[in-house]
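To start, the structure under review is shown below, and the notes come after it.
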Amino acid sequence: MDRHDSEPRQGWPAIIEEQGLIYWKTPLPDGEEISYWHEGAYYSLTSEEVYDIEAVARLMLEMLVEAGDYIIEENLFSQMGIPGWAVPRIKETWESEPPMIYGRFDFAYGHDSVPRLLEYNADTPTGLLESAAVQWYWAKDVFGEGVDQWNLLHEMLVGRWRELAQDGRLPGERLHMLHTSAEQSGEDFMTIGYMAEVARAANLMSEIVAIESLGYVEGEGFVDLAGHPVRTAFKLYPWEWMMREDFGTQALEHMGDGPGQTIWVEPIWKMLWSNKGILPVLHRLFPENPHILPAYFDGEQPKSLTSFVRKPLLAREGANATAVIDGKVVEEGPDQDYGEEGFVVQAYTDLGDYGAGARPVLGVWTVDVEPAGLGIRESDGLLTTNTSRFVPHVIAS
Amino acid sequence: MKRSKSVNLVVVPLLAAAFLSGCGGEKETAYCVDKNNQVTDNENCDRGNNSSFFWFFGAAGLGRGSFAPAGDRINSTDKAALAKRGGFGSSARSGGIGRPTGKTIGGGFSGGS
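Keeping their order, the protein sequence lines are chains W and R. With the numbering used here applied, the first sequence corresponds to residues 18 to 414, in that order. With the numbering used here applied, the second sequence corresponds to residues 20 to 132, in that order.
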């Protein structure tokens with residue numbers, strides 16, 4: 018994989034905003050703004066590299082199934098900070114497999130070209146629109162129709178919604194697409210908007226609703242503002258938050274495809290995979306696997322591990338993560354009060370400097386249980402945080 | 020070829036324009052008030068068993084103890100008229116007085132296709 022400089026398209030901000038990427042300006046604490054979308058560079062991968070990474074992602078999904086079984090058998094829920102009242106539904110849905118749509122692996126891809134799993138965002142992954150659509154249009158604009166990119170995300174999402182609808186697995190007259198109105202940049206709203214777009218392409222009707230406005234009627238279950246029952250809800254709102262909020266109990270009690278019940282996408286068992294506690298579990302089960310970094314629940318790591326990243330069990334965008342090299346703290350992610358439930362410690366791995374100090378993380382998308390495409394974010398530091406940039410890619414011909 | 024054949028965006032540009040133009044309007048907040056319209060903790064209304072507490076709907080910004088202006092209020096025991104709302108979303112922000120209803124004052128979008 019290589020990184021190349023590239024001339025940005027004339028008028029690119031208007032182009033990407035039209036395509037929904039309205040949240041490209043990232044404010045910094047000092048009041049400056051940086052661009053989250055960066056088309057002044059791109060990455061190129063060979064077909065062999067793509068097939069290799071794809072194969073690793075497939076293998077990871079199989080290992081994750083074993084890891085999920087192991088968590089349930091060994092009852093690791095409390096160690097992972099998963100509340101006991103959620104456990105029965107997690108176990109039940111793990112078996113019954115209600116509809117799931119997507120997820121995103123984050124891989125380190127250093128100069129030895131070995132993908133190493135950093136984490137799996139299985140519940141509320143973002144970066145979707147820029148991966149599926151914005152970089153697709155960029156590639157076409159810059160390199161023409163013949164260009165290739167590892168990006169079947171749009172087609173596979175449409176296909177997945179269509180398949181679920183045809184199999185009768187999406188009860189109700191419409192889908193309810195839930196975002197939080199507390200998110201001000203538009204990222205959550207547009208991610209939900211894009212999901213409504215792919216559902217539309219699958220001939221499904223959807224309603225975009227702020228999760229704050231969701232109503233609950235005793236005996237009838239969840240309703241939207243107009244009073245329509247919410248039978249199938251796609252939510253960009255993590256389960257660990259829902260669990261602890263006022264409607265958490267109702268969500269657990271009224272989960273299912275019957276009248277007065279709601280099918281939640283992603284399903285609640287995704288709490289097993291999106292939790293960073295999955296990392297020590299994978300390491301315990303597959304200690305020799307080259308794609309899995311040594312990882313431990315905090316406190317269980319050997320003294321010999323002196324270069325590592327300590328991450329909260331539940332957090333996003335590098336929040337409250339700490340990078341330690343040779344026993345010294347070298348970088349800390351933004352403090353967003355995560356970490357109450359505990360931490361994991363994962364061996365440090367070099368993301369690689371691909372030029373000008375840019376360190377990429379490969380976001381490998383999965384639709385259902387199939388690898389679907391790639392979205393690369395890079396940062397100047399060791400941690401990939403909310404100040405990292407999305408950089409498009411192509412497959413070198 | 021590992022690239023989608025077409026990526027047709029129909030809804031997304033409309034939603035993006037709507038969000039950017041701020042036509043979401045001012046977010047409505049539900050406050051729990053007592054019979055004198057004085058703002059109190061949400062939990063007084065959440066219990067739904069005390070007819071001297073009411074939900075009042077207005078713009079954000081009222082604090083505990085302040086008085087809500089005259090306006091619509093619904094008895095907190097009136098379950099038929101009022102599905103319980105606001106039970107999700109608290110983790111995404113701080114503060115415990117008032118809660119967004121998701122409705123907007125003065126227009127707004129509730130999107131979809």
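Using N, Cα and C, we set each Cβ at its ideal position, and we do this for glycine too. Predicted, not measured: the structure shown is a model, and the values here were computed from it.
With the cut-off set at 8 Å, would you say residue i and residue j are in Cβ contact?
i: W/L379; j: W/Y126; result: yes
i: W/P388; j: W/A156; result: no
i: W/L187; j: W/G390; result: no
i: W/L330; j: W/N306; result: no
i: W/M18; j: W/H308; result: no
i: W/M194; j: W/F264; result: no
i: R/V31; j: W/Q36; result: yes
i: W/T366; j: W/R133; result: yes
i: W/Q363; j: W/V411; result: no
i: W/D385; j: W/R177; result: yes
i: W/T110; j: W/I295; result: no
i: R/C51; j: R/N63; result: yes
i: W/A243; j: W/V175; result: no
i: W/A336; j: W/E348; result: no
i: W/S23; j: W/V159; result: yes
i: W/E229; j: R/G84; result: no
i: W/I118; j: W/E334; result: no
i: W/P25; j: W/E71; result: no
Can you tell me whether DSSP reads residue i as helix, strand or coil?
i: W/P30; result: helix
i: W/Y313; result: strand
i: W/M222; result: coil
i: W/H410; result: strand
i: R/G131; result: Summary for R/G131: the model assigns pLDDT 30, below 50, so the residue's position carries little reliability; its value from the coordinates is reported in the next sentence. Here R/G131 sits in coil by DSSP.
i: W/V159; result: helix
i: W/R121; result: strand
i: W/T266; result: helix
i: W/S113; result: helix
i: W/S52; result: strand
i: R/G44; result: Because R/G44 sits at a pLDDT of 48, beneath the cut-off of 50, its placement in the model cannot be relied upon, and the point is left open.
i: R/I116; result: Because R/I116 sits at a pLDDT of 48, beneath the cut-off of 50, its placement in the model cannot be relied upon, and the following sentence gives the value as read from the coordinates. R/I116: coil per DSSP, three-state reduction.
i: W/T339; result: strand
i: W/E358; result: coil
i: W/M194; result: strand
i: W/A72; result: helix
i: W/D22; result: strand
i: W/L368; result: coil
i: W/S396; result: strand
i: R/R22; result: strand
As a quick exercise: from the options, pick the residue whose alpha carbon is nearest that of residue i.
i: R/F72; options: R/R83, R/G108 and R/K54; result: R/K54
i: W/L74; options: W/V131, W/D19, W/E109 and W/E56; result: One detail in the question is off: residue 74 of chain W reads as Ala in this sequence, not Leu. Nearest of W/V131, W/D19, W/E109 and W/E56 to W/A74, Cα basis: W/V131.
i: W/T383; options: W/N168, W/V346 and W/Q96; result: W/N168
i: R/A102; options: W/W178, W/M194 and W/V240; result: W/V240
i: W/E90; options: W/L78, W/F160, W/P105 and W/E79; result: W/P105
i: W/A150; options: R/D65, R/K21 and R/S25; result: R/S25
i: R/S109; options: W/I33, W/A199, W/Q27 and W/D158; result: W/A199
i: W/E237; options: W/V362, W/E270 and W/E162; result: W/E270
i: R/L39; options: W/Q318, W/D352 and W/Q201; result: W/Q201
i: W/T279; options: W/I228, W/P246 and W/L253; result: W/P246
i: W/S148; options: W/R333, W/Y68, W/K328 and W/Y211; result: W/Y211
i: R/D60; options: R/R22, R/G82, R/S70 and R/A37; result: R/G82
i: W/E190; options: W/Q152, W/T404, W/T249 and W/P25; result: W/T249
i: W/E214; options: W/R301, W/L192, W/L231 and W/E395; result: W/L192
i: W/L6; options: W/A72, W/L231, W/I32 and W/D123; result: Shown here, chain W extends from 18 to 414; a query on residue 6 of chain W therefore has no answer.
i: W/Q183; options: W/P116, W/W102 and W/V381; result: W/P116
i: W/P44; options: W/R406, W/K287 and W/I107; result: W/R406
Is residue i near the ligand GDP, judged by its Cβ being under 7 Å from some heavy atom?
i: R/S23; result: Judged by which ligands are present, the structure shown has none, so any question about the ligand GDP falls away.
For residue i, return the contacting residues in chain R, with the cut-off set at a CB-CB distance below 7 Å.
i: W/V240; result: A102
i: W/I412; result: K21
i: W/W477; result: Given that chain W is displayed from residue 18 to residue 414, the structure contains no residue 477 of chain W and the question cannot be resolved.
i: W/F264; result: G106 and F107
How would you list, in chain order, the residues of chain W whose beta-carbon sits under 8 Å from the beta-carbon of residue i?
i: R/K24; result: E172
i: R/F72; result: The premise fails here: R/F72 is roughly 16 Å from chain W at the closest Cβ pair, so nothing lies under 8 Å.
i: R/F75; result: Residues of chain W passing the Cβ test: none, with the nearest at roughly 17 Å.
i: R/P32; result: E35, Q36 and G37
List, in order along the chain, the chain R residues whose C-beta lies closer than 8 Å to that of residue i?
i: W/Y233; result: A102, K103, R104 and G106
i: W/R261; result: S110
i: W/I39; result: A35, F38 and L39
i: W/D140; result: Within 8 Å Cβ-Cβ: nothing; W/D140 doesn't reach chain R, min ~13 Å.
i: W/A150; result: V26, L28 and V31
Which residues in chain W have a C-beta closer than 9 Å to the C-beta of residue i? List them in chain order.
i: R/V29; result: E214, R217 and A218
Which residues of chain R have a Cβ atom closer than 9 Å to the Cβ of residue i, listed in chain order?
i: W/Y254; result: F107, G108, S110 and A111
i: W/Y355; result: Here the premise fails: no neighbours, minimum Cβ distance about 11 Å.
Evaluate contact between the region 268-276 of chain W and the region 73-85 of chain W, counting only Cβ atoms and requiring at least three cross-stretch pairs below 8 Å.
-> With a cut-off of 8 Å on Cβ pairs, the region 268-276 of chain W is not in contact with the region 73-85 of chain W, counting fewer than three such pairs.
Per the contact definition of three or more C-beta pairs closer than 8 Å, is the region 59-70 of chain W in contact with the region 206-226 of chain W?
-> These segments do not touch.
Touching by the beta-carbon criterion (3+ pairs, under 8 Å), the region 251-258 of chain W and the region 136-147 of chain W = The count of Cβ pairs closer than 8 Å, one atom from the region 251-258 of chain W and one from the region 136-147 of chain W, reaches three, so the stretches are in contact.
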